[in-house]
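Colleague:
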Amino acid sequence: DQQVKQNSPSLSVQEGRISILNCDYTNSMFDYFLWYKKYPAEGPTFLISISSIKDKNEDGRFTVFLNKSAKHLSLHIVPSQPGDSAVYFCAATTGTASKLTFGTGTRLQVTL
Amino acid sequence: DVKVTQSSRYLVKRTGEKVFLECVQDMDHENMFWYRQDPGLGLRLIYFSYDVKMKEKGDIPEGYSVSREKKERFSLILESASTNQTSMYLCASSFQGRIKNIQYFGAGTRLSVL
Numbered sequence: 022d023q024q025v026k027q028n029s030p031s032l033s034v035q036e037g038r039i040s041i042l043n044c045d046y047t048n049s050m051f052d053y054f055l056w057y058k059k060y061p062a063e064g065p066t067f068l069i070s071i072s073s074i075k076d077k078n079e080d081g082r083f084t085v086f087l088n089k090s091a092k093h094l095s096l097h098i099v100p101s102q103p104g105d106s107a108v109y110f111c112a113a114t115t116g117t118a119s120k121l122t123f124g125t126g127t128r129l130q131v132t133l
Numbered sequence: 026d027v028k029v030t031q032s033s034r035y036l037v038k039r040t041g042e043k044v045f046l047e048c049v050q051d052m053d054h055e056n057m058f059w060y061r062q063d064p065g066l067g068l069r070l071i072y073f074s075y076d077v078k079m080k081e082k083g084d085i086p087e088g089y090s091v092s093r094e095k096k097e098r099f100s101l102i103l104e105s106a107s108t109n110q111t112s113m114y115l116c117a118s119s120f121q122g123r124i125k126n127i128q129y130f131g132a133g134t135r136l137s138v139l
């Protein structure tokens, strides 16, 4: 049972345009969400997170939106840069639980 | 900066061999995790540990065991490696009981079982 889903395995965006990566979840107990970025041959690195008490969190070019009623979150990257080409994982957790539940990832390619 | 170090970047082993993957973190984190990453399947949790000598099964523990004798070190053991254990293995660590529950990952070990 995949509790966190990323339905788009890949996404291609032109440099300078907006990249939108989507994530859906089924467990209504999830209350904290994270995005990780992973380059080939490297471990995932934390990018941005959002608590369920918010519907938006921004950090530079990266913004995460949370729609609790739809159990949906999205990561917006504006403007997209070639260095953003990577696999992006969303993850979710409950309260202070230690475990994260990860999605299957979306490979973003930013083209020139 | 948090540092999670995995002992090997690449490993090639034969079917039936016993394989040890080592992970060390330097941030005094209570929690440590082992994942495997496979195309189309994302990151799947194998085992995690929230304290020395404590362990809990993750989503796919079959064929694996773990050891945590010291707080900073968490080992993943493949008792008898099989070809379906060919994968990228990722170790992570985090503090316990924090609302902002960020896990920090090592660079990964790509294991090939022939």
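Residue numbers (this note's numbering), protein chains in the order written: chain A, 22 to 133; chain B, 26 to 139.
All C-beta atoms in this analysis are idealised placements derived from N, C-alpha and C, irrespective of residue type, glycine included.
1) From which residue to which residue does the beta strand (DSSP E) around Lys59(A) run?
2) Do Lys80(B) and Ser140(B) have their beta-carbon atoms positioned less than 8 Å apart in this structure?
3) May I have the straight-line CA-CA distance separating Phe83(A) from Gln35(A), to the nearest angstrom?
4) Under 9 Å between beta-carbons, which chain A residues line up against Ile85(B)? List them in chain order, please.
5) Spell out the partners DSSP gives Phe67(B) in its beta bridges.
6) Assuming Glu47(B) is part of the beta strand (DSSP E), what are its boundary residues?
7) Can you tell which of Phe123(A), Thr132(A), Gln130(A) and Thr127(A) has its C-alpha closest to the C-alpha of Thr47(A)?
8) Please report the Cβ distance between Leu87(A) and Leu42(A), rounded to the nearest whole angstrom; I am assuming they are in contact, meaning their Cβ atoms lie under 8 Å.
9) Can you find the residues in the same chain that come closer than 6 Å, C-beta to C-beta, to Ser90(B), ignoring five residues on each side of it along the sequence?
10) Buried or exposed, going by whether 16 or more other CB atoms sit within 10 Å of the CB of Thr40(B)?
11) Mind checking if Thr132(A) is an interface residue toward chain B, Cβ cutoff 8 Å exclusive?
12) Tell whether a beta-carbon distance below 8 Å holds between Val108(A) and Thr127(A).
13) Are there three or more Cβ pairs, one per stretch, closer than 8 Å when the region 110 to 127 of chain B is compared with the region 52 to 72 of chain B?
14) Could you check if Ser119(A) is buried or exposed, using at least 16 other CB atoms within 10 Å of its CB as the buried criterion?
15) By the criterion of Cβ-Cβ separation under 9 Å, what are the contact partners of Gly64(A) in chain B?
16) Use the C-beta contact count for Lys125(A): other C-beta atoms within 10 angstroms, 16 or more gives buried, fewer gives exposed.
17) Throw me the rounded Cβ distance for the Val130(B) and His54(B) pair, which I believe falls under 8 Å.
18) According to the Cβ coordinates, are Val49(B) and Glu97(B) closer than 8 Å?
19) Between Phe67(A) and the rest of its own chain, which residues show a CB-CB distance below 7 Å, the 5 nearest in sequence each way excluded?
Modeller: Let me spell this out:
1) Here residue 59(A) corresponds to residue number 38 of the first sequence, with the count starting at 1. Element bounds for Lys59(A): Tyr53 to Lys59.
2) Here chain B comprises residues numbered 26 to 139, so residue 140(B) is not present and cannot be evaluated.
3) To locate residue 83(A), count along the first sequence from 1; it is residue 62. To locate residue 35(A), count along the first sequence from 1; it is residue 14. The straight-line gap from Cα to Cα measures roughly 16 Å.
4) One-based indexing of the second sequence puts residue 85(B) at position 60. In chain order: nothing, as chain A lies at least about 13 Å away.
5) As a position in the second sequence, residue 67(B) is number 42, starting the count at 1. Checking the displayed sequence, the identity of residue 67(B) turns out to be Gly instead of Phe. According to DSSP, which records beta bridges pairwise, Gly67(B) is partnered with Asp63(B).
6) In the second sequence, counting from the first residue as 1, residue 47(B) sits at position 22. Residues Val44 to Gln50.
7) Position 26 of the first sequence, counting from 1, holds the residue named residue 47(A). Cα-wise, what sits closest to Thr47(A) is Phe123(A).
8) Along the first sequence, one-based indexing puts residue 87(A) at 66. Along the first sequence, one-based indexing puts residue 42(A) at 21. Incorrect: roughly 13 Å between the Cβ atoms, too far for contact.
9) On the second sequence, residue 90(B) is found 65 positions in, with the first residue counted as 1. Cβ neighbours of Ser90(B) beyond the five flanking positions: Ile102.
10) Counting from 1 along the second sequence, the entry for residue 40(B) is found at position 15. Burial call: exposed.
11) Indexing the first sequence from 1 puts residue 132(A) at position 111. False, the Cβ-Cβ gap to chain B never drops below 8 Å.
12) In the first sequence, counting from the first residue as 1, residue 108(A) sits at position 87. In the first sequence, counting from the first residue as 1, residue 127(A) sits at position 106. Yes; because the gap between Cβ atoms is below 8 Å, this pair is in contact.
13) yes
14) What you label residue 119(A) is simply residue 98 of the first sequence in a count that begins at 1. Counting other Cβ atoms within 10 Å of its Cβ, Ser119(A) reaches 16 or more and is therefore classed as buried.
15) By one-based count along the first sequence, residue 64(A) stands at place 43. Within 9 Å Cβ-Cβ: Val29, Gln31, Leu115, Cys116, Ala117, Tyr129, Phe130, Gly131, Ala132 and Gly133.
16) As a position in the first sequence, residue 125(A) is number 104, starting the count at 1. One detail in the question is off: residue 125(A) reads as Thr in this sequence, not Lys. Buried, by the Cβ-count rule.
17) Counting from 1 along the second sequence, the entry for residue 130(B) is found at position 105. Counting from 1 along the second sequence, the entry for residue 54(B) is found at position 29. The sequence as given places Phe at residue 130(B); Val does not occur at that position. With 8 Å as the limit, Phe130(B) and His54(B) do not qualify as a contact, their Cβ atoms being about 12 Å apart.
18) Mapped onto the second sequence, residue 49(B) falls at position 24. Mapped onto the second sequence, residue 97(B) falls at position 72. Yes, these two residues count as a Cβ contact at 8 Å.
19) By 1-based counting over the first sequence, the position of residue 67(A) is 46. Excluding sequence neighbours, Phe67(A) sits near Leu55 and Tyr57.
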